[in-house]
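Every letter in the sequence shown is one number past the one before it in my numbering, and letter 160, counting from 1, is 212. All C-beta atoms in this analysis are idealised placements derived from N, C-alpha and C, irrespective of residue type, glycine included. A quick write-up on the structure given underneath.
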Amino acid sequence: MIDLCIRHQFVKALLPVLLISPFAQVVNAQEDPLLSFEIEGLTEGDTVYLANYYGNKMYYADTTIADKKGEFVFVSPSAEKGGKYGLVLPENAFVEFIVTGDAVSLAADLADLPGSVKVKKGLDTQLFYEYLGFIQDMRDKRLPIDTKAQDSTLSEASRAQLVQDLNVLNLQVEAEQLRIEEEHGETLFAKMIRMVREPDVPEAPVDVANPQLWRYYRFRTLFWDRVDFQDGRLVRDPALHALLEQYWGSIMPQVPDTAVIEMNKLIARAEGQPDMFKYLVHFFTFSAEKSQVMCMDKAFVNLVDNYYATGKADWLGEEQLKKVIDRAEDLRYSQCGERIPNIILPDTTQKNWVSLYDIDSKYTLVSIWESTCGHCKKEMPKLEALYEEWHDKGLEIYAIGNDFEPEPWLEFVREKNLNDWIHVSDNPEINAADSATILIYSGITTLQSLNFRTTFDVYATPKMFLLDRDKRIIAKQVGAEQIGEILAREEAASVKQ
Numbered sequence: 053m054i055d056l057c058i059r060h061q062f063v064k065a066l067l068p069v070l071l072i073s074p075f076a077q078v079v080n081a082q083e084d085p086l087l088s089f090e091i092e093g094l095t096e097g098d099t100v101y102l103a104n105y106y107g108n109k110m111y112y113a114d115t116t117i118a119d120k121k122g123e124f125v126f127v128s129p130s131a132e133k134g135g136k137y138g139l140v141l142p143e144n145a146f147v148e149f150i151v152t153g154d155a156v157s158l159a160a161d162l163a164d165l166p167g168s169v170k171v172k173k174g175l176d177t178q179l180f181y182e183y184l185g186f187i188q189d190m191r192d193k194r195l196p197i198d199t200k201a202q203d204s205t206l207s208e209a210s211r212a213q214l215v216q217d218l219n220v221l222n223l224q225v226e227a228e229q230l231r232i233e234e235e236h237g238e239t240l241f242a243k244m245i246r247m248v249r250e251p252d253v254p255e256a257p258v259d260v261a262n263p264q265l266w267r268y269y270r271f272r273t274l275f276w277d278r279v280d281f282q283d284g285r286l287v288r289d290p291a292l293h294a295l296l297e298q299y300w301g302s303i304m305p306q307v308p309d310t311a312v313i314e315m316n317k318l319i320a321r322a323e324g325q326p327d328m329f330k331y332l333v334h335f336f337t338f339s340a341e342k343s344q345v346m347c348m349d350k351a352f353v354n355l356v357d358n359y360y361a362t363g364k365a366d367w368l369g370e371e372q373l374k375k376v377i378d379r380a381e382d383l384r385y386s387q388c389g390e391r392i393p394n395i396i397l398p399d400t401t402q403k404n405w406v407s408l409y410d411i412d413s414k415y416t417l418v419s420i421w422e423s424t425c426g427h428c429k430k431e432m433p434k435l436e437a438l439y440e441e442w443h444d445k446g447l448e449i450y451a452i453g454n455d456f457e458p459e460p461w462l463e464f465v466r467e468k469n470l471n472d473w474i475h476v477s478d479n480p481e482i483n484a485a486d487s488a489t490i491l492i493y494s495g496i497t498t499l500q501s502l503n504f505r506t507t508f509d510v511y512a513t514p515k516m517f518l519l520d521r522d523k524r525i526i527a528k529q530v531g532a533e534q535i536g537e538i539l540a541r542e543e544a545a546s547v548k549q
């Protein structure tokens, strides 16, 4: 059953982005639609805030004070800035309503919110409160059912009856939602109701081999049909953000290539609608960048290339835009499925330069580590065991020392007897400006090699990349144990082929 309720906890989460004090009563009421309120229990001079949802957060939009009757007004936001708004009242009281650009008027008692709300003007707000009343009735009917369900002595027949009773209530909620859509389909509130309705997924055809999988794909196909992506007002309803989080977290496969396709398809549906377009681009960019799923930064780089570097993210200032684009550049050369840049660095002799591309092996593990790194020291024995198990099956380890001075790195390699791996590193001498220039222009090494910390976004160690024979990245940012599992999967897949 859909649970639309007033959420007082949102009051504490208000973000003071825009706080204006024009004393809204002095506006030209003849020209601008007004939001007018009469709240019993307010005293003269009480401060009242107008706030709007933006995704799952709320932001201050305006402020005013009540008169001695508890009355006050705001100029209505424009129609295109419509959505779900709220009044923030003294004592953390909160009242929601729907803004569409038309006048809204309501009265209420501060001591009984939202139960005392009486809507005088505003069709969408009227529908909203009628629906809240209906949902409260459904909750009241459900309460005794939930109470009975806690009885552990219930018979199976009695428990089945309770489930049936709940299904009846859910069907009544669905019927009410459908009625609102059919009778008031062009209202903003009807669009909000439609967003919270689950897709009606049919049963799979009888000849389908995997009905559950068929219904999953059908559910994915229908999931976004409930949202009007050309109505930017819906970004000011937390239901849209909840759908995006549900889709990202539990419906869309957490596979970077799939994510790239799905995100771009969805964003394309909002082309031409600036508010919706901005919200989708920002949501997916943030989600991809913060994702803990291996290789999901590929989706982040794709989004930056498509929308930020092309100038479509015009809501960002120059400095912010540069930071986003620079971050994508930091990640560009370590994308899964792409060929890793060739790294050419000197080995432990400090004289022989070893090219990553010259390593002829089925698999190469690039491990960037430091002699003083505690986690690196814990991983080293595991990597030794991994090497012993997989070397004869085609694994080589190209270990890049991240120490800025060669002595600690060389001492650690000798002390731990890590002589079977290919060890390389840089040092202050070759990184000196004159030396680096000569080495690069003479073809001995490359700028990406000498700048390997930037090339591979090395902000912590160890950092590992598992490569195939062509030096394309199979996996990254994983530990030795996971690498063993990935190698086993790769081998099994190659046998099947």
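query	result
First through last residue of the beta strand (DSSP E) which encompasses Ile526	Ile525 to Lys528
Minimum C-alpha distance to Thr115 - residue among Gly107, Ser128, Asn108 and Lys109	Ser128
Endpoints, the beta strand (DSSP E) within which Phe275 is located	Neither: Phe275 is in no beta strand (DSSP E) and is coded neither H nor E.
The stretch 508-527 / the stretch 404-417 touching (three or more Cβ pairs under 8 Å)	yes
Beta-carbon proximity check, Asn354 vs Val307, cutoff 8 Å	no
Cβ neighbour criterion (16 or more within 10 Å) applied to Ser204	exposed
Nearest-angstrom beta carbon gap, Thr507 and Tyr385 [assumed within contact, 8 Å]	5 Å
First and last residue of the uninterrupted beta strand (DSSP E) at Glu90	Leu86 to Glu92
Opposing strand residues paired with Val151 [DSSP bridges]	Gly135
Whether Asp349 touches Ala361 by CB criterion (8 Å)	no
CA nearest to the CA of Val220, picked from Ile197, Thr337 and Thr239	Ile197
Same chain, Cβ closer than 8 Å to Tyr409, five either side skipped, listed in chain order	Asn394 and Lys523
Between the CA atoms of Lys403 and Ile492 - distance to the nearest angstrom	15 Å
CA-to-CA distance, Pro85 to Val169, given in whole angstroms	20 Å
Lys199 - DSSP class collapsed to helix/strand/coil	The residue asked about is misnamed: residue 199 is Thr in this sequence, not Lys. Helix at Thr199.
Inter-residue Cα distance where the pair is Ala159 and Lys172	8 Å
Pairwise C-alpha distance: Ala545 and Ala532	20 Å
Buried/exposed call for Ile535, threshold 16 Cβ in 10 Å	buried
Distance between Glu255 and Glu208 (C-alpha atoms, nearest Å)	27 Å
Cα-Cα separation between Ile449 and Glu381, rounded to whole angstroms	26 Å
Where Asn104 falls: helix, strand or coil (DSSP)	strand
Residues near Gly284 by beta carbon distance below 7 Å, same chain, minus five either side	Glu132, Gln325, Pro326, Asp327 and Met328
C-alpha distance - Val530 paired with Pro458, whole-angstrom precision	26 Å
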